[in-house]
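K.L.:
In our numbering, each number is its position in the sequence shown, counted from 1, plus 72.
Encoded as structure tokens, here's the structure I'll be asking about.
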Amino acid sequence: MSPFSKKFDPQSDLPDLSGKVAIVTGGNAGIGYATVKHLARLGAKVYVAARSEEKLTATVERIQSDDDIDNDLIQPLLLDLADARKAKAAAEEFIEMEDRLDILRAYEQSVDAVAGSMMINHISPFVFTQTLLPLMKTTSEETDSDVRIVNVTSVMHKLPTPAQGRFRNLDDFNQDFAKTSMPMLLQYAYSKLANVVYTRELQRRLTCANTRIAVLAVHPGLVNTYAHRLALPSLLQPLASALMRAFLRRPAVGAYNSVWAAAAPDVKLKDLGGKYVEPIGKVVPPSKVALKEEVGQELWATTEEFLKSIGLELPAMST
């Protein structure tokens with residue numbers, strides 16, 4: 073066991089989650105899969121959200137085969153974040169099945185005219201979250217409630233320059249960073265910046281409305297996942313794969329920060345809503361761009377503008 077994992081054990085360091093309901097997007101692999109298992113072992117009923125029905129069924133069966141996890145706590149939810157319309161439909165399906173939602177852990181080429189990273193990592197999660205928000209608000213009104221939204225971002229959100237890190241219009245959303253040395257990495261970093269900016273803006277709006285929901289942006293640390301290799305040029309991917317196996321954390325450990333954000337008492341006790349958190353539970357400042365309130369407002373406005381252009385309108389939130 074690494075020194076990192078000795079410092080934090082979800083099973084002994086986090087409270088019992090019995091009676092709580094959670095959704096974990098991207099729950100069929102990597103950090104998402106590990107997050108599902110950690111939350112279920114703490115007693116939460118967890119919906120595993122993923123886009124492939126075949127893989128989703130196999131994942132649920134694999135988790136249910138674990139002797140230390142109650143089968144009834146693991147449920148499937150078909151969710152395709154490559155299409156905002158399907159994300160909304162999945163959220164509406166969940167609302168038909170459950171009367172509460174305590175924990176939403178959100179993470180992930182599109183059929184619409186927005187770059188793939190922004191669609192999968194920001195726009196569809198935005199739609200999914202905002203559609204579920206009324207149910208989460210209802211849950212938050214219960215006595216002793218502790219409702220949380222955990223957006224998985226990356227330390228790479230700090231890579232875009234102030235000029236690159238703007239969300240004023242769809243041209244900004246569709247930046248290809250072609251004139252940079254690593255355009256794919258910057259596209260990913262830009263979408264991860266959007267996660268942090270959205271986290272802060274959503275928390276601001278919830279606080280203004282006196283809604284007791286904590287929204288956090290978490291960096292899982294450097295974890296050996298396939299998604300990170302894809303962000304690199306193809307020639308570097310074999311080398312990156314070997315280095316990741318040797319030096320990076322396993323997904324089970326990489327999930328610790330997400331699980332901490334979802335369940336640790338300190339989030340409520342210290343009022344950590346809107347914060348950017350690095351492993352484990354370390355609140356640090358995000359990039360300077362992410363701290364600008366006007367950037368949050370332009371991200372929100374442009375996202376809504378795009379959604380209206382494809383016929384999707386969500387309930388308005390106070391500004």
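All C-beta atoms in this analysis are idealised placements derived from N, C-alpha and C, irrespective of residue type, glycine included.
This one's a predicted model, so the numbers in the text were calculated from it and none came from an experiment.
1) Which ranges would you report for the alpha helix (DSSP H) in the stretch 92–153 if only whole runs of at least 4 residues count?
2) To which residues does DSSP link Glu350 through a beta bridge?
3) In the DSSP assignment, the beta strand (DSSP E) including Arg220 goes from what residue to what residue?
4) Quick check on the burial criterion: 16 or more other C-beta atoms within 10 angstroms. Buried or exposed for Asp216?
5) Using the C-alpha atoms, what's the distance from Ala261 back to Met228?
6) Measure the Cβ-Cβ separation of Val287 and Asn223 and say whether it is below 9 Å.
7) Leaving out five residues before and five after Asp138 in sequence, what residues of the same chain have Cβ atoms less than 8 Å from its Cβ?
8) May I ask you to list the residues that DSSP assigns as paired with Val199?
9) Is the Cβ-Cβ distance between Met208 and Ile195 less than 9 Å?
10) Exposed or buried, which one is Asp81 when buried takes at least 16 other CB atoms within 10 Å?
11) For Leu204, name the three-state secondary structure that DSSP assigns.
12) In terms of residue numbering, what span does the beta strand (DSSP E) encompassing Val287 cover?
13) State the start and end residues of the unbroken beta strand (DSSP E) segment that holds Leu176.
14) Contact check, Phe239 vs Leu371 under 8 Å by CB: the rounded distance?
15) Could you say if the stretch 378–391 and the stretch 321–334 meet the contact criterion of at least three C-beta pairs nearer than 8 Å?
16) Look at the alpha carbon of Ser90 and the alpha carbon of Leu111, and state the distance between them as a whole number of angstroms.
17) Residues in its own chain within less than 7 Å of Glu170 by CB, not counting five upstream and five downstream?
18) In the structure shown, what three-state DSSP assignment does Met228 receive?
19) Straight-line CA distance for Leu173 to Arg157?
20) Looking at Leu258 and Pro232, is the spacing between their C-beta atoms short of 9 Å?
21) Between which two residues does the alpha helix (DSSP H) holding Pro234 run?
22) Beta-carbon within less than 8 Å of Asn329's beta-carbon, same chain only, minus the 5 sequence neighbours each way: which residues are those?
23) Considering only the beta carbon of each residue, do Arg277 and Thr201 sit closer than 9 Å?
24) Do you know offhand how far Ala162's Cα is from Ala130's?
25) Using only the alpha-carbon positions, how far apart do Ala235 and Gln275 sit?
26) Considering only their Cβ atoms, is the gap separating Val118 from Gln83 smaller than 9 Å?
27) With the cut-off set at 9 Å, would you say Thr211 and Val219 are in Cβ contact?
28) If Leu145 and Ala116 are in contact, beta carbons under 8 Å, what's the gap, nearest whole angstrom?
29) How would you call Ala362, buried or exposed, if buried means at least 16 neighbouring beta carbons within 10 angstroms?
30) Looking at Ala266: is its Cβ nearer than 9 Å to the Cβ of Met190?
P.N.:
Result, derived from the coordinates:
1) 102–113 and 125–136
2) If you number the sequence shown from 1, residue 350 lands on position 278. Per DSSP, Lys354.
3) Residue mapping note: residue 220 aligns to position 148 of the sequence shown, counting from 1. Note, Arg220: beta strand (DSSP E), Val219 to Val224.
4) The residue you call residue 216 lines up with position 144 of the sequence shown. Looking at its Cβ environment, which holds fewer than 16 other Cβ atoms inside 10 Å, Asp216 is exposed.
5) For the purposes of this step, residue 228 is identified with residue 156 of the sequence shown, where counting begins at 1. For the purposes of this step, residue 261 is identified with residue 189 of the sequence shown, where counting begins at 1. Between Met228 and Ala261, the C-alpha separation is close to 5 Å.
6) Working through the sequence shown from its first residue, we reach residue 287 at position 215. Working through the sequence shown from its first residue, we reach residue 223 at position 151. Contact flag set, yes.
7) Here residue 138 refers to the residue found at position 66 of the sequence shown. Correct list, in chain order: Lys109.
8) Reading the sequence shown from its first residue, position 127 is the one you call residue 199. Answer by DSSP bridge pairing: none, since Val199 is not bridged.
9) Taking the first residue of the sequence shown as 1, we reach residue 208 at position 136. Taking the first residue of the sequence shown as 1, we reach residue 195 at position 123. Cβ atoms of Met208 and Ile195: not closer than 9 Å.
10) The count along the sequence shown starts at 1 and reaches residue 81 at position 9. Asp81 should be labelled exposed.
11) Position 132 of the sequence shown, counted from the start, is the residue given in the question as residue 204. Of the three classes helix, strand and coil, the one that applies to Leu204 here is helix, per DSSP.
12) To locate residue 287, count along the sequence shown from 1; it is residue 215. Segment Ile285 to Val290, the beta strand (DSSP E) holding Val287.
13) For the purposes of this step, residue 176 is taken as the residue at position 104 of the sequence shown. First-last of the beta strand (DSSP E) with Leu176: Ile175 to Ala178.
14) Taking the first residue of the sequence shown as position 1, residue 239 is located at position 167. Taking the first residue of the sequence shown as position 1, residue 371 is located at position 299. Phe239 to Leu371, Cβ: 4 Å. Contact.
15) no
16) The residue you call residue 90 lines up with position 18 of the sequence shown. The residue you call residue 111 lines up with position 39 of the sequence shown. Distance between the alpha carbons of Ser90 and Leu111: 10 Å.
17) Translated into positions along the sequence shown, residue 170 becomes position 98. Cβ within range, chain order: Val93.
18) Working through the sequence shown from its first residue, we reach residue 228 at position 156. Note: Met228 maps to helix in three-state DSSP.
19) Taking the first residue of the sequence shown as position 1, residue 173 is located at position 101. Taking the first residue of the sequence shown as position 1, residue 157 is located at position 85. Rounded to the nearest angstrom, the two C-alpha atoms are 21 Å apart.
20) Looking up residue 232 in the sequence shown gives position 160. Looking up residue 258 in the sequence shown gives position 186. Result yes, Cβ atoms of Pro232 and Leu258 sit closer than 9 Å.
21) Along the sequence shown, read from residue 1 onward, the residue named residue 234 stands at position 162. Unbroken run through Pro234: none, as it is neither H nor E.
22) Stepping through the sequence shown from its first residue, residue 329 is reached at position 257. Only Val290, His291, Pro292, Gly293, Val349, Glu350, Pro351, Ile352 and Gly353 meet the Cβ criterion.
23) Taking the first residue of the sequence shown as position 1, residue 277 is located at position 205. Taking the first residue of the sequence shown as position 1, residue 201 is located at position 129. Cβ distance not < 9 Å, so Arg277 and Thr201 don't count as in contact.
24) Stepping through the sequence shown from its first residue, residue 162 is reached at position 90. Stepping through the sequence shown from its first residue, residue 130 is reached at position 58. Rounded to whole angstroms, Ala162 to Ala130 spans 19 Å at the Cα level.
25) One-based indexing of the sequence shown puts residue 235 at position 163. One-based indexing of the sequence shown puts residue 275 at position 203. About 24 Å.
26) Within the sequence shown, the letter at position 11 stands for residue 83. Within the sequence shown, the letter at position 46 stands for residue 118. Not a contact, by the Cβ cut-off of 9 Å.
27) On the sequence shown, position 139 is the one that residue 211 refers to. On the sequence shown, position 147 is the one that residue 219 refers to. Cβ atoms of Thr211 and Val219: closer than 9 Å.
28) Taking the sequence shown and counting its residues from 1, one reaches residue 145 at position 73. Taking the sequence shown and counting its residues from 1, one reaches residue 116 at position 44. Between Ala116 and Leu145 the Cβ distance is about 7 Å, and since that is below 8 Å, they are a contact.
29) Locating residue 362 in the sequence shown gives position 290, counting from the first residue. Per the 10 Å Cβ criterion, buried.
30) Here the question's residue 266 lines up with position 194 in the sequence shown. Here the question's residue 190 lines up with position 118 in the sequence shown. Their beta carbons are under 9 Å apart, which means Ala266 touches Met190 by this criterion.
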